[in-house]
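See structure below.
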Amino acid sequence: MKKELLSTMDMAYHARVRQLLADHHIPYRSKVEDANGNGSGWISRLFGGGRQTARGVLINQETPSKIYYLYVDKDRLDEAIQLMHQASQS
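Position one of the sequence shown corresponds to residue 1 (the working numbering), numbered consecutively onward.
Next up, the structure:
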């Protein structure tokens with residue numbers, strides 16, 4: 001069973017933790033979500049991935065934020081947490 005190890009908007013930190021997990025042979029699963037809620041479907045891409053206000057005004061999200069998640073096996077979670085703390089100190 002996988003447990004969430006990390007959720008962050010810092011892509012560089014996410015990459016450092018991923019590299020530490022790989023270096024220590026800890027299997028992980030990574031997921032990235034759009035924090036603006038724009039979705040990634042064809043309709044969002046067709047219409048520019050913006051949102052509409054209650055009055056129908058289109059809001060363009062030129063710099064969408066991402067949330068990066070890492071999941072590890074439950075039995076390796078404690079070890080992964082220690083490695084994650086190492087990444088935050090560097």
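Quick reminder that beta carbons are idealized off the backbone N, C-alpha and C, glycines included. Predicted model, so just to flag it, every value in this text is computed and none were measured.
Close-in-space but distant-in-sequence residues of the same chain around residue i (CB under 7 angstroms, 5 per side omitted)
i	result
Ala80	Leu5, Leu21, Ile26 and Val72
His24	Leu83
For residue i, the first and last residue of its enclosing beta strand (DSSP E)
i	result
Ser88	Per DSSP, Ser88 belongs to no beta strand (DSSP E); it is in the alpha helix (DSSP H), Leu77 to Gln89.
Lys3	Lys2 to Thr8
Ile67	Lys66 to Asp73
Residue i, buried or exposed, once every other Cβ within 10 Å from all chains shown has been counted against 16
i	result
Leu58	In this predicted model, Leu58 has a pLDDT of only 49, less than 50, meaning its place in the structure is not dependable; the value taken from the coordinates is given anyway. Exposed, because fewer than 16 other Cβ atoms sit within 10 Å of the Cβ of Leu58.
Met84	buried
Thr53	Residue confidence for Thr53 is low, a pLDDT of 44 falling below 50, so the modelled location carries little weight; the figure read from the coordinates is stated next. With fewer than 16 other Cβ atoms within 10 Å, it is exposed.
Distance between beta carbons of residue j and residue i, contact taken as under 8 angstroms
i	j	result
Leu70	Tyr13	The pair is not a contact, with the Cβ atoms about 10 angstroms apart (cut-off 8 angstroms).
Lys66	Glu33	7 angstroms
Met9	Lys74	Met9 to Lys74, Cβ: 25 angstroms. No contact.
Arg18	Ser30	6 angstroms
Terminal residues of the alpha helix (DSSP H) in which residue i lies
i	result
Asp23	Met11 to Asp23
Other residues of its chain near residue i: CB distance less than 8 angstroms, five sequence neighbours each side excluded
i	result
Met11	Lys66 and Tyr68
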